[in-house]
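Visitor: For the record, the sequence lines run as chains Y and L. Take the first sequence: its letter number 121 is residue 121 in my numbering, and every next letter is one higher. Take the second sequence: its letter number 33 is residue 449 in my numbering, and every next letter is one higher. Just so you know, even glycine gets a beta-carbon here, dropped at the ideal spot from N, CA and C. Once you've had a glance at the structure underneath, I'll fire off some questions.
There are 2 protein chains.
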Amino acid sequence: MQQIFDQLTPAQKREAERQLSLYMSGAQEVIPPEELREKLAKSIVTGSPLKIKLGLDPSAPDVHLGHTVVLNKLRQFQENGHIVQLLIGDFTGKIGDPTGKSAARKQLTDEEVQHNAKTYFEQFGKVLDQDKVELHYNSKWLKQLKLEDMIELAGKITVARLMERDDFEERIAMQKPISLHEFFYPLMQGYDSVVLESDIELGGTDQHFNVLMGRHFQEKYKKEKQVVILMPLLEGLDGVEKMSKSKNNYIGIDEDPNEMYGKTMSLPDSLMKTYIHLATDLELEDKKQLVKELETGAVHPRDAKMLLAKTIVRMYHGSAAAEAAEQQFKKVFQQKSAPDKMTDVHWKGGETIPLIDLLAALELLPSKSEARRMIQNGGVKINGKKAESIHENMTVQDGMIIQIGKRKFVKLKMDK
Amino acid sequence: MQQIFDQLTPAQKREAERQLSLYMSGAQEVIPPEELREKLAKSIVTGSPLKIKLGLDPSAPDVHLGHTVVLNKLRQFQENGHIVQLLIGDFTGKIGDPTGKSAARKQLTDEEVQHNAKTYFEQFGKVLDQDKVELHYNSKWLKQLKLEDMIELAGKITVARLMERDDFEERIAMQKPISLHEFFYPLMQGYDSVVLESDIELGGTDQHFNVLMGRHFQEKYKKEKQVVILMPLLEGLDGVEKMSKSKNNYIGIDEDPNEMYGKTMSLPDSLMKTYIHLATDLELEDKKQLVKELETGAVHPRDAKMLLAKTIVRMYHGSAAAEAAEQQFKKVFQQKSAPDKMTDVHWKGGETIPLIDLLAALELLPSKSEARRMIQNGGVKINGKKAESIHENMTVQDGMIIQIGKRKFVKLKMDK
């Protein structure tokens with residue numbers, strides 16, 4: 001199994017081991033590490049880069065830090081000369097859901113697929129080196145497949161194996177129907193790896209079954225089997241659920257620097273270690289050092305978190321924006337003062353009005369009931385002083401500063 | 417459900433009911449009879465014939481009475497003006513077994529498929545009216561199917577439904593693997609009916625699951641659903657197992673008239689009713705009459721069986737041959753005498769020889785051990801006298817008649 005590795009020079013061996021340990025860092029599972037070592041050895045000897053596949057759903061992309069866990073891992077491969085294969089699963093996107101049951105899976109046009117792929121490519125460009133990315137569309141080969149080819153492909157896997165997939169197992173146990181075509185998707189994902197001759201496939205731990213399909217089918221088609229690297233799923237800001245847009249516990253990579261910094265600072269301390277490892281591009285040694293300092297108490301958690309926040313902003317907005325966001329944060333939260341620049345809101349109404357009506361009229365909160373909740377929770381300050389009662393009659397003054405939550409500040413302008 | 421039937425004239429209703437009762441006679445199951453009545457009503461009103469599908473495996477055909485059960489049923493449809501669709505399943509025959517495990521399912525060439533289809537067509541011509549047969553090859557549409565079409569097709573059936581097929585259920589219970597491609601075959605069989613727009617599909621009861629697929633998929637593709645007619649499986653001459661070549665309990669439709677007649681006469685009495693209904697082309701009323709006479713004892717079982725045998729020979733060799741076979745049978749078995757014409761065998765050996773060696777030397781039995789068994793069972797007669805002992809020393813004489821079993825007679829000629 002390590003025939004090539006055994007033949008390396010000591011320096012080459014050290015290089016293979018260095019890369020191996022880099023790629024394994026932060027990974028939940030590598031299947032199997034010894035094959036990854038051997039592939040690295042081969043790449044070092046031949047000078048040929050490895051091909052690292054990441055499969056992407058072609059539906060509307062909205063990239064957040066959760067996605068960057070795999071992207072950061074891909075970036076590590078790129079920095080060592082390897083090539084990323086971004087595989088846009090456009091074939092399935094174009095056929096929609098044949099049962100017609102899932103409204104979510106609507107049929108995408110060629111233009112939508114192209115647009116979404118372009119968006120992925122651009123957003124991923126904040127992490128990846130675009131020169132070392134190949135963009136592939138699986139419709140290129142899948143739409144050519146005939147029934148005869150599908151029979152050959154399907155002849156290489158058993159029904160029992162497919163039923164092992166967690167969601168299938170659950171539905172069988174609950175006697176919920178599985179349409180036969182659903183069994184085709186893992187096959188197609190596996191076949192993509194056969195065509196792309198991928199050396200490695202990355203995925204989140206929730207992709208465990210699917211990415212192993214590539215390994216399975218490459219072997220059946222007598223190709224070298226890909227190694228599978230499963231990355232942990234990043235918990236969201238709530239510290240409980242997987243980061244996702246629908247849970248509103250995410251940090252989008254297109255978000256404003258101050259928002260990004262502030263959101264990171266709201267992270268539970270318990271998640272810091274995970275974020276340092278999975279969501280930053282720090283050197284492996286620096287990550288380990290920082291985590292160690294946190295564990296020994298050599299660094300204050302707040303300072304470590306500020307470093308984390310600054311790093312994340314720097315990754316997506318550059319050093320200057322990161323520095324500015326840090327200054328802004330210090331000013332607002334640490335010195336408890338309003339930020340230098342504030343949005344002006346204009347007021348044409350009366351000089352005396354209940355606070356809740358003022359907030360609603362200025363549209364500072366989505367609804368009156370949200371305004372009520374925010375005031376009751378002590379989240380509204382007028383000129384730095386917490387508002388006490390919902391129905392408090394306000395004397396509206398020009399230049400008055402209204403603070404909503406931790407990070408939203410506006411200055412009221414009387415329009416007379 | 418019987419909208420069209422209800423609008424028929426009384427005479428048309430009688431005609432629909434007559435055909436319905438004809439087609440249901442001898443069938444194990446008709447799914448569902450009321451749809452068949454409605455299809456017949458429609459055919460009577462429009463004057464359009466119904467299309468009756470029979471699917472055939474394209475591997476080497478060797479047609480025996482077991483096959484004719486469905487052919488006789490098809491013939492009934494033809495006699496009332498309907499059209500038979502013989503569907504040669506050449507697509508699967510041409511792709512072989514993708515797992516490579518089944519040596520039996522070898523890949524057939526186009527020439528082999530054509531040859532086998534031609535043989536079917538010719539052999540079936542002994543029962544069917546070839547002018548009312550359409551020959552279809554499913555490769556015509558199946559080889560055009562793309563993955564996209566397959567996903568659509570597979571989206572119209574659940575995994576649970578497929579696993580209900582008896583042999584799948586058994587294998588799951590026994591934890592024997594099922595390759596995913598095996599799930600494709602019922603889909604293809606169903607899709608054939610969608611393409612052919614068959615009104616009715618015939619099959620043996622062992623085809624229950626597969627022929628229902630046509631109904632299932634026609635509905636999913638918004639076509640009129642086919643009615644399914646399941647015919648009983650004909651037991652073989654042993655009265656136990658399904659008639660099949662491998663069990664050597666069959667009557668081939670190409671067999672010699674005397675052999676065919678004699679084999680039929682060896683049928684257990686208990687199977688006569690079944691054979692009268694399933695294996696003859698007698699009028700339905702005549703069948704019922706004969707069975708009734710058997711049950712009441714109005715006819716002797718032997719006479720009924722002779723009528724059955726004569727009918728079967730007449731169906732495949734004509735009336736003259738049937739008459740001759742009957743005369744031959746009467747002479748040999750009823751008068752216990754040798755037939756008029758016998759094969760001569762020539763003997764150049766000595767005049768005294770053990771019987772077993774003589775039989776072997778004349779090649780009257782395949783091996784010495786079979787000769788031994790036959791003698792021990794009293795199956796060998798010399799000039800009408802049962803041979804008693806294996807090692808009996810024979811005095812060989814010119815013109816000596818040797819009888820092996822019930823129907824094989826030879827006359828020995830001394831070549832000096």
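Out of curiosity, what's the CA-to-CA distance linking Leu278 (chain Y) and Val70 (chain Y)?
Guide: Looking at the two C-alpha atoms, the distance is approximately 8 Å.
Visitor: For the beta strand (DSSP E) that contains Glu779 (chain L), what are its first and last residues?
Guide: Here Glu779 (chain L) belongs to no beta strand (DSSP E), and DSSP marks it neither H nor E.
Visitor: Using C-beta distances below 8 Å, list every residue in its chain close to Gln842 (chain L), excluding the 5 sequence neighbours before and after it, in chain order.
Guide: Since the first and last residues shown for chain L are 417 and 832, residue 842 (chain L) lies out of range.
Visitor: Between Ala570 (chain L) and chain Y, is any beta-carbon pair separated by less than 8 Å?
Guide: With 8 Å as the cut-off, Ala570 (chain L) counts as an interface residue toward chain Y.
Visitor: Taking the alpha-carbon of Gln531 (chain L) as reference, which of L:Val500, L:Lys572, L:Asp473, L:Met579 has the nearest alpha-carbon?
Guide: Before going further, note that residue 531 (chain L) is His rather than Gln in the sequence given. Of the candidates L:Val500, L:Lys572, L:Asp473, L:Met579, the one whose C-alpha sits nearest the C-alpha of His531 (chain L) is L:Asp473.
Visitor: For a quick check, are the C-beta atoms of Glu742 (chain L) and Val812 (chain L) less than 8 Å apart?
Guide: Not closer than 8 Å, so no.
Visitor: Cα separation between Val500 (chain L) and Phe168 (chain Y)?
Guide: The straight-line gap from Cα to Cα measures roughly 42 Å.
Visitor: Report yes if the CB atom of Leu490 (chain L) is closer than 8 Å to the CB atom of Leu569 (chain L), and no otherwise.
Guide: For Leu490 (chain L) and Leu569 (chain L), no; Cβs fall outside 8 Å.
Visitor: At the 8 Å Cβ level, is Met629 (chain L) part of the contact set with chain Y, yes or no?
Guide: No, Met629 (chain L) does not count as interfacial toward chain Y.
Visitor: Give me the Cα-Cα distance between Gly678 (chain L) and Gly795 (chain L), rounded to the nearest whole angstrom.
Guide: C-alpha separation (whole angstroms): 16 Å.
Visitor: Look up Gln623 (chain L) in the DSSP assignment and say whether it is helix, strand or coil.
Guide: The answer is helix: DSSP assigns Gln623 (chain L) an H, G or I state.
Visitor: Going by DSSP in three states, Thr395 (chain Y) sits in which element: helix, strand or coil?
Guide: Reduced to three states, the DSSP call for Thr395 (chain Y) is strand.
Visitor: What does the alpha-carbon distance come out to for the pair Lys703 (chain L) and Gly541 (chain L)?
Guide: Going from the Cα of Lys703 (chain L) to the Cα of Gly541 (chain L) covers about 23 Å.
Visitor: Shorter than 8 Å from the beta carbon of Pro602 (chain L) to some beta carbon of chain Y?
Guide: By this cut-off, Pro602 (chain L) is not an interface position.
Visitor: For Ala714 (chain L), count the other beta carbons within 10 Å of its own beta carbon; 16 or more makes it buried, fewer makes it exposed. Which is it?
Guide: Exposed.
Visitor: Taking DSSP as the reference, what is the three-state secondary structure of Lys408 (chain Y)?
Guide: DSSP places Lys408 (chain Y) in strand when its eight states are reduced to three.
Visitor: Taking the alpha carbon of Asp131 (chain Y) as the point to measure from, which residue in Y:Leu65, Y:Ser139, Y:Gln175, Y:Leu86 has its own alpha carbon closest?
Guide: Taking only the C-alpha atoms, the option nearest Asp131 (chain Y) is Y:Leu86.
Visitor: Suppose you measure from the CA of Ala725 (chain L) to the CA of Thr680 (chain L); what does that come to, to the nearest Å?
Guide: So the alpha carbons of these two residues sit roughly 5 Å apart.
Visitor: Taking only runs of the beta strand (DSSP E) that begin and end inside the stretch 68-145 of chain Y, which ones reach a length of at least 3 residues, in chain order?
Guide: Whole beta strand (DSSP E) segments, 3+ residues: 83-88, 133-137.
Visitor: Looking at the secondary structure, which residues open and close the beta strand (DSSP E) in which Val644 (chain L) lies?
Guide: 643-647 is the extent of the beta strand (DSSP E) around Val644 (chain L).
Visitor: Whose C-beta lies closer than 8 Å to the C-beta of Pro593 (chain L) among residues of the same chain, with five residues either side of it excluded?
Guide: The answer, listed in chain order, is Arg587.
Visitor: Quick one: list the residues of chain Y neighbouring Ser595 (chain L), beta-carbon separation under 9 Å, in chain order.
Guide: What Ser595 (chain L) touches in chain Y: Ala154, Gly155, Lys156, Ile157, Thr158, Val159.
Visitor: Taking only beta-carbon atoms, is Lys638 (chain L) less than 8 Å away from chain Y?
Guide: No, Lys638 (chain L) does not count as interfacial toward chain Y.
Visitor: Counting Cβ pairs closer than 8 Å, one from the stretch 768-777 of chain L and one from the stretch 786-795 of chain L, do we hit at least three?
Guide: Cβ pair count under 8 Å is three or more, so yes.
Visitor: So, under 8 Å CB-CB, Lys559 (chain L) and Phe507 (chain L) are touching, yes? Tell me the CB distance rounded to an integer number of Å.
Guide: Right, the Cβ-Cβ distance comes to about 6 Å (below 8 Å), so this counts as a contact.
Visitor: Leaving out five residues before and five after His498 (chain L) in sequence, what residues of the same chain have Cβ atoms less than 7 Å from its Cβ?
Guide: Contacts found: Pro465, Leu466, Ile468.
Visitor: In whole angstroms, give me the CA-to-CA distance for Leu781 (chain L) and Gly821 (chain L).
Guide: Their Cα atoms are separated by approximately 10 Å.
Visitor: In chain L, which residues lie less than 7 Å from Met272 (chain Y) when you measure between Cβ atoms?
Guide: Per Cβ cutoff of 7 Å: no residues; Met272 (chain Y) is ~44 Å from chain L at best.
Visitor: With a cut-off of 8 Å, does the C-beta of Ser609 (chain L) fall near any C-beta of chain Y?
Guide: It does not; no Cβ of chain Y falls within 8 Å.
Visitor: Check whether chain L comes within 8 Å of Leu142 (chain Y), counting only Cβ atoms and requiring the distance to be less than that.
Guide: Chain L contact via Cβ: present.
Visitor: At a Cβ threshold of 8 Å, is Met590 (chain L) touching chain Y?
Guide: No, Met590 (chain L) does not count as interfacial toward chain Y.
Visitor: Identify whether Arg14 (chain Y) lies in helix, strand or coil by the three-state DSSP scheme.
Guide: Of the three classes helix, strand and coil, the one that applies to Arg14 (chain Y) here is helix, per DSSP.
Visitor: Return helix, strand or coil for Gln189 (chain Y), following the three-state DSSP convention.
Guide: Looking at Gln189 (chain Y) - three-state DSSP - the assignment turns out to be helix.
Visitor: Shorter than 8 Å from the beta carbon of Phe599 (chain L) to some beta carbon of chain Y?
Guide: Yes, because at least one Cβ of chain Y sits closer than 8 Å to the Cβ of Phe599 (chain L).
Visitor: For Gly620 (chain L), which residues from the same chain have a beta carbon less than 8 Å from its beta carbon, with the 5 sequence-adjacent residues on both sides left out?
Guide: Excluding residues within five positions, the ones whose Cβ falls inside 8 Å are Val485, Val486, Leu646, Met647, Pro648, Leu649.
Visitor: Determine the chain L residues that contact Met150 (chain Y) at a beta-carbon separation under 7 Å, and present them in chain order.
Guide: Under the 7 Å cutoff, chain L gives Leu563, Met566.
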